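If you're matching them up, the sequences are chains H and D in order.
Using my numbering, read the first sequence as starting at 55 and increasing by one per residue.
Using my numbering, read the second sequence as starting at 741 and increasing by one per residue.
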Amino acid sequence: MNKVFTMDAPATSRRLDDMRQGLVGKPLDRPDGPFKVTGTATYAHEWNLDGMAYGVLVRAPFARGTITHIGREDIEAMAGVLRVITDARFLRNPAQGTADEAPIQGPTEVFYLGQPVALVVAETFEAARHGAQQLTMKWDCKTAVIDPETAETEEGENLEQGDLDAAMKAAHATVDATYHTPCHTSAAMEPHCSTAVWEGDELTLYGSYQMLNYNINELADSLGIDAANIHMRAPYVGGGFGSKLGIAPEAVAAAIAAKELDRPVVVALSRPQVFETTMRRSETTQRLRLAADANGKLTGLGHEALVSNLEGETFSEPVTQSTHFLYAAENRKMAINIARLNKTCAGSVRAPGEAVGMPTLENAMDELAEKLGLDPIDLRKRNLPERHPEEDIPYSSRKYAEAMDTGAAHFGWDKRNRTPGGLREGEWLIGHGMAGASRVNSIGEASARVTLSRAEDGSALATVETDMTDIGTGTYAVLSQVAGEMLGLPMAQVITKLGDSRLPKGAGSGGSWGASSSGSAVFLACEAIRSQISEKLGLREEELEMKDSEVTSGNTRRTLAEVLEDGPISAEGTIKPGDTADDVNQASYGAYFCEVAVNAVTGETRLRRMTGVFGAGRILNEKTATSQCYGGMVWGIGMALTEEMVHDPRDGHIVNHDLAEYHLPVNLDMPQLDVILLDERDDWACPIQTKGIGELGFCGAAGAIVNAIYNATGVRIRDYPVTLDKLLDGLPED
Amino acid sequence: MKTALTINGTTYQLEADTRTTLLDALRNHLGLTGSKKGCDHGQCGACTVIVNGRRINSCLTLACMHDGDEITTIEGLGQPDAMSALQEAFVRHDGYQCGYCTPGQICSATAMLEEIKAGWPSNVSDDLGTDIRLTAAEISERMSGNLCRCAAYPNIVAAIAEVGGDKS
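1. With DSSP as the reference, identify every bridge partner of residue 513 of chain H, one or two as the case may be.
2. For the putative contact between residue 734 of chain H and residue 671 of chain H, defined by C-beta atoms under 8 angstroms, what is the C-beta separation to the nearest angstrom?
3. Nearest chain D C-beta to residue 465 of chain H closer than 8 angstroms, yes or no?
4. Would you please state the rounded distance, in angstroms, between the beta carbons of residue 405 of chain H and residue 137 of chain H? I believe it to be under 8 angstroms.
5. Would you mind sorting residue 711 of chain H into buried or exposed? The rule is 16 or more other CB atoms within 10 Å of its CB.
6. Please specify which runs of the beta strand (DSSP E), each continuous and at least 3 residues long, are wholly inside the region 725 to 779 of chain H, giving them in chain order.
7. To the nearest angstrom, report how far apart residue 795 of chain D and residue 326 of chain H are at their CA atoms.
8. Give a yes or no on whether 8 angstroms exceeds the smallest Cβ distance from residue 898 of chain D to chain H.
9. Can you give me, in chain order, the residues of the region 365 to 390 of chain H that have a beta carbon less than 7 angstroms from any beta carbon in chain D?
10. Listing by chain order, which chain H residues have their CB less than 8 angstroms from the CB of residue 895 of chain D?
11. Indicate the three-state DSSP secondary structure (helix, strand or coil) for residue 783 of chain H in the structure shown.
12. Could you tell me the alpha carbon to alpha carbon distance between residue 906 of chain D and residue 897 of chain D, rounded to whole angstroms?
13. Any contact between the region 759 to 773 of chain H and the region 636 to 655 of chain H? By contact I mean 3 or more CB pairs, one from each, below 8 angstroms.
14. Measuring only the C-alpha atoms, how far is residue 323 of chain H from residue 565 of chain H?
15. Look at the alpha carbon of residue 771 of chain D and the alpha carbon of residue 244 of chain H, and state the distance between them as a whole number of angstroms.
16. Should residue 78 of chain H go down as buried or exposed, given a rule of 16 or more other Cβ atoms within 10 Å for buried?
17. Enumerate in chain order the residues of its own chain whose CB-to-CB distance from residue 205 of chain H is below 8 angstroms, with the five nearest sequence positions on each side excluded.
18. Between which residues of its own chain and residue 439 of chain H is the CB-CB distance below 6 angstroms, once the five residues before and five after are set aside?
19. Give, in chain order, every residue of the region 814 to 846 of chain D whose Cβ lies closer than 7 angstroms to some Cβ of chain H.
20. Find the nearest neighbour of residue 135 of chain H within the set H:331, H:87, H:536, H:319, judged by alpha-carbon distance.
21. What are the start and end residues of the beta strand (DSSP E) that includes residue 465 of chain H?
22. Since residue 269 of chain H is in the alpha helix (DSSP H), which residue starts that stretch and which ends it?
23. Is it the case that the Cβ atoms of residue 746 of chain H and residue 495 of chain H are separated by a distance below 8 angstroms?
24. So, under 8 angstroms CB-CB, residue 481 of chain H and residue 629 of chain H are touching, yes? Tell me the CB distance rounded to an integer number of Å.
25. Roughly how many whole angstroms lie between the Cα atoms of residue 908 of chain D and residue 551 of chain H?
26. Let's test the definition: count the other Cβ atoms within 10 Å of the Cβ of residue 769 of chain D and tell me whether it reaches 16, buried, or not, exposed.
27. What are the start and end residues of the alpha helix (DSSP H) that includes residue 689 of chain H?
28. Check whether chain D comes within 8 angstroms of residue 244 of chain H, counting only Cβ atoms and requiring the distance to be less than that.
29. Restricting to Cα atoms, I'd like to know which of H:664, H:577, H:675, H:515 is closest to residue 619 of chain H.
30. Could you pull out every residue in the same chain whose Cβ sits closer than 7 angstroms to the Cβ of residue 895 of chain D, ignoring the five residues on either side in sequence?
31. On the DSSP bridge assignment, give the partners of residue 873 of chain D in chain order.
32. Taking 8 angstroms as the CB-CB cut-off, is residue 892 of chain D touching chain H?
33. Counting C-beta neighbours from all protein chains within 10 Å, is the total for residue 81 of chain H 16 or more, i.e. buried, or is it exposed?
34. Which of the three DSSP states is assigned to residue 790 of chain D in this structure?
35. Between which two residues does the beta strand (DSSP E) holding residue 503 of chain H run?
36. Residues in the region 90 to 114 of chain H with C-beta within 7 angstroms of chain D's C-beta atoms, listed in sequence order?
Structure follows, in structure tokens:
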């Protein structure tokens with residue numbers, strides 16, 4: 055018996071709140087934890103199949119042109135080398151998230167420096183790497199376009215409402231500022247990797263991927279085979295952050311090589327290749343215009359951005375995504391232009407859009423608050439729209455004001471420094487800043503199967519199965535919690551199996567929709583199981599109380615083991631997005647508060663403490679949700695202070711393509727971080743009232759830090775990251 | 741080239757290319773995939789193992805340089821049903837998310853606590869001559885060679901502080 059539910063109306067029954075097992079929301083340990091901490095969790099490179107050969111990709115060392123010759127013979131003559139492979143099916147770049155079809159293919163026409171053009175396969179990794187390093191090639195160069203400011207552009211989204219220019223002229227106070235954010239990279243700790251093995255026409259691919267339901271079709275389309283002949287496995291994924299959303303060059307190359315050589319082949323990217331051939335976040339140039347009347351009410355809001363991507367790619371960084379609905383203003387202009395460049399493909403990197411659009415919007419709001427002489431929180435509150443200012447629809451649940459108030463009280467915002475550059479401790483300038491957080495919310499179609507059966511010891515056991523992934527997000531934990539809550543089982547009696555394309559299709563991990571989508575699918579499957587149990591016992595499903603492996607209703611009490619005496623009970627649940635996606639504006643919200651110290655002599659910024667308050671609907675697991683928010687806030691530290699992928703303007707190569715030169719925050723960069731999760735249920739979001747939280751912690755975080763740097767120094771830097779060289783000239787003399 | 745490696749108390753006779761790093765020997769030749777390859781450049785710490793009592797990046801050293809050495813990898817510290825105190829603390833404090841850097845973090849932390857016990861000062865130590873206190877800053881400084889992109893840093897510090905604190 056299966057249950058399919060389309061989200062066409064708010065789910066007001068909030069059934070999870072009526073359940074009695076007490077798992078949902080609790081800060082429980084992850085069931086996958088013991089495997090991760092002992093090195094026994096199996097990632098994509100760790101299947102060590104019999105007869106496995108090693109493949110190393112070779113990149114194009116130029117940014118635009120055509121390969122005319124590959125020196126195959128010399129390499130194939132080297133000891134241990136099995137084959138040099140080039141194939142028209144090789145991917146130019148990874149598929150975009152949810153593409154569901156092959157990206158642009160072909161290794162001959164080169165569009166960016168780093169594009170994979172050949173695969174060297176050898177008996178050992180060392181021989182393959184040596185062959186790849188020695189491979190010679192000839193090419194015809196064309197002129198590469200590297201600088202977005204001088205490139206030809208295409209028009210993307212373009213919204214005009216009212217007359218922003220007139221609003222700016224008539225305003226009591228305005229901000230008209232241009233901000234720049236550089237290219238970023240996901241830098242997941244596990245480099246992208248695929249292990250391919252064929253049995254006849256059946257391909258098994260062990261890969262590091264976020265969305266198997268889409269990836270399997272992308273891989274099939276790339277190879278020209280039927281998706282029914284592909285089995286993908288990804289039980290553990292060493293971080294994704296968007297970089298593993300779509301099928302990538304190494305998977306297709308490994309599959310082709312394994313077929314040609316008739317043996318398993320593993321292909322892992324080197325760390326520089328991860329930088330060069332997986333998705334980058336586009337650089338952005340953003341013009342923010344704010345017009346306000348004397349009461350601090352916005353009359354005009356403009357957000358225009360220049361972003362970039364490769365020729366033929368439809369993705370453009372959706373910089374204005376939250377700006378559309380966050381603040382009221384009658385006169386609006388939002389536009390995105392796309393420069394076509396010969397740089398690594400641009401795609402989703404954690405929180406595409408808000409990651410770079412929210413900090414700058416919140417910087418502009420900070421500038422406006424100062425001009426108006428208003429508390430930044432007050433300015434924001436004065437401009438919360440009643441209804442979506444462009445679409446005229448209501449909001450679902452919006453915890454923005456509560457997040458700001460809660461954060462202000464926790465942080466001690468009333469004791470902040472109010473004079474930019476006015477608070478000094480020795481050679482350190484101290485400043486405080488805040489910013490809002492916002493991230494759009496959605497669900498994707500997802501299915502999951504739950505089977506209630508008796509374990510070997512006779513106890514009742516629930517098994518949750520879906521191809522959904524856990525990329526560190528806590529999927530193993532939260533799906534087990536939902537099933538245990540609904541079926542009255544402790545965590546130890548629930549097993550969740552993930553990352554296998556033969557299991558019911560989940561939504562995949564991306565866009566912060568995984569827990570809501572797959573959690574709802576598990577919830578629905580459990581509702582179907584409860585119906586079957588109630589039918590069996592002749593009881594009403596709504597009156598069943600399931601707790602500690604027992605079912606009770608009125609005077610009836612049965613152990614689940616008894617109920618399962620004549621066999622297991624299984625059901626599949628499927629959630630589909632519906633009208634609630636359009637009837638209301640759904641987003642998760644939050645606020646950040648931080649204190650920085652900027653060295654008056656060196657310009658070095660140290661973050662001292664940071665508070666983040668978030669409203670993301672029902673929290674399924676307080677511990678894993680808090681970890682997600684820590685992660686987002688630390689990404690904010692990186693974006694504000696250190697992260698910048700630098701391209702050489704002459705040939706387009708990434709100058710800092712490794713972890714020594716692309717500066718991720720390290721442990722000592724982290725200050726005291728406080729995360730507060732607000733109590734919320736968003737009935738419009740999904741049947742379990744959750745919203746996305748994986749990206750929210752990052753959506754504006756860098757803006758709070760940069761606002762605090764201004765407060766400390768009196769210097770407005772509109773060019774991310776705020777490295778010390780940008781601050782030095784403006785720092786006050788003693 | 742033949743190399744005798746003692747790993748987690750077991751001696752292995754490795755027959756591998758001289759170019760094989762200790763990390764690749766563990767992962768590709770000996771089936772010990774707990775040690776992770778995050779960068780292969782000594783920049784991320786995911787491959788940290790303990791050689792003769794000291795933590796090192798196993799990607800930055802060749803296997804053939806370790807003939808006769810005593811090596812401890814994450815597999816030697818505990819198993820899912822018999823975890824070390826640090827491993828348990830990482831689970832309890834959610835000192836990871838994706839888990840890929842985690843074996844390196846735990847090997848690193850295991851050796852780091854011994855360094856503190858031995859009185860080795862760090863960049864953030866107040867005084868070179870006195871006992872080192874296990875402050876959050878000491879832990880953070882000494883663990884900054886182990887990157888975590890999920891940024892479980894607050895939880896990693898809490899896990900190490902709990903275990904290190906119990907011992908002192």
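Where is the CB? At the ideal position from N, CA and C, for every residue including glycine.
It should be emphasised that the depicted structure is a prediction, and the values quoted were computed from it without experimental measurement.
Taking the geometry as given:
1. None, per the DSSP bridge assignment.
2. 5 angstroms
3. no
4. 41 angstroms between Cβ atoms; not a contact.
5. buried
6. 726 to 731
7. 25 angstroms
8. no
9. none
10. 681, 684
11. DSSP places residue 783 of chain H in coil when its eight states are reduced to three.
12. Annotation note: pLDDT 46 at residue 906 of chain D (below 50); position unreliable, coordinate value reported separately. The straight-line gap from Cα to Cα measures roughly 14 angstroms.
13. yes
14. 24 angstroms
15. The alpha-carbon atoms of residue 771 of chain D and residue 244 of chain H are separated by roughly 18 angstroms.
16. buried
17. 199, 362, 393, 394, 395
18. 382
19. 814, 815, 818, 819, 820, 823, 827, 830, 831, 832, 834, 836, 837, 838, 839, 840, 841, 842, 843, 846
20. Measuring C-alpha to C-alpha distances from residue 135 of chain H to each of H:331, H:87, H:536, H:319 identifies H:319 as the nearest.
21. Where residue 465 of chain H is concerned, there is no enclosing beta strand (DSSP E), although the alpha helix (DSSP H) it sits in stretches over 454 to 465.
22. 266 to 277
23. yes
24. That pair is no contact at about 56 angstroms.
25. Only weak support is given to the placement of residue 908 of chain D: the predicted model assigns it a pLDDT of 41, under 50, and the value that follows is read from those uncertain coordinates. Looking at the two C-alpha atoms, the distance is approximately 40 angstroms.
26. buried
27. For residue 689 of chain H, the enclosing alpha helix (DSSP H) has its first and last residue at 676 to 695.
28. yes
29. H:515
30. 833, 834, 835
31. DSSP, once it has assigned bridges, lists no residue as partnering residue 873 of chain D.
32. yes
33. Sixteen is the threshold: since fewer than 16 other Cβ atoms of the shown chains lie within 10 Å of the Cβ of residue 81 of chain H, the residue is exposed.
34. strand
35. 500 to 508
36. 90, 91, 92, 93, 94, 95, 97, 100, 102
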